[in-house]
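Below is one structure, written out as structure tokens; comments come after it.
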Amino acid sequence: MALEIALIDVVAGQEEAFEAAYREARQQLQGAGARSIRMTRGIETPTRFVLLVEWDSVEAHEAFRASDAFGIWRGLIGPHFANPPHVEHFSDVQG
Numbered sequence: 001m002a003l004e005i006a007l008i009d010v011v012a013g014q015e016e017a018f019e020a021a022y023r024e025a026r027q028q029l030q031g032a033g034a035r036s037i038r039m040t041r042g043i044e045t046p047t048r049f050v051l052l053v054e055w056d057s058v059e060a061h062e063a064f065r066a067s068d069a070f071g072i073w074r075g076l077i078g079p080h081f082a083n084p085p086h087v088e089h090f091s092d093v094q095g
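According to UniProt numbering, the sequence shown is numbered sequentially starting from 1.
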């Protein structure tokens, strides 16, 4: 399992439009096999969003990024980005 965490800053004043675009674009992730999807919004910094997506593997996420579905995803939410998102993958610590 790989947890994708994307830090997304949107243009001030476009927060609600970004949320609406995310709700429409979310189906692209679902159709690509994401196990779970969660978008959160900053309280202290309301232009900052954090996307958390569980994938079977980093390779599964990379396959999505190479697909037509990613182009649709990015086309819907990308116009609201203040800058490119910072994306990293994480795995659970066993213990």
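Note that the Cβ used here is the ideal one computed from N, Cα and C, for glycine as well.
Between Ser-67 and Ala-2, the C-beta gap is not smaller than 9 Å, which leaves the two residues out of contact. Taken through DSSP and simplified to helix, strand or coil, Arg-35 comes out as coil. Between Glu-4 and Leu-76, the C-beta spacing is not below 9 Å. Straight-line measurement puts the Cα of Trp-55 at about 29 Å from the Cα of Glu-44. The alpha-carbon separation between Pro-84 and Asp-9 amounts to approximately 8 Å. About 11 Å separates the beta carbon of Ala-6 from that of Trp-73, a gap too long to meet the 8 Å contact definition. Ala-2 sits in a strand when the DSSP states are folded into three classes. Secondary structure of Glu-54 (DSSP, three-state): strand. A residue is called buried when at least 16 other Cβ atoms come within 10 angstroms of its Cβ; Phe-90 does not meet this threshold and is exposed. Around the beta carbon of Gln-28, a 10 Å sphere encloses 16 or more other beta carbons of the protein chains shown; the residue is thus reported as buried.
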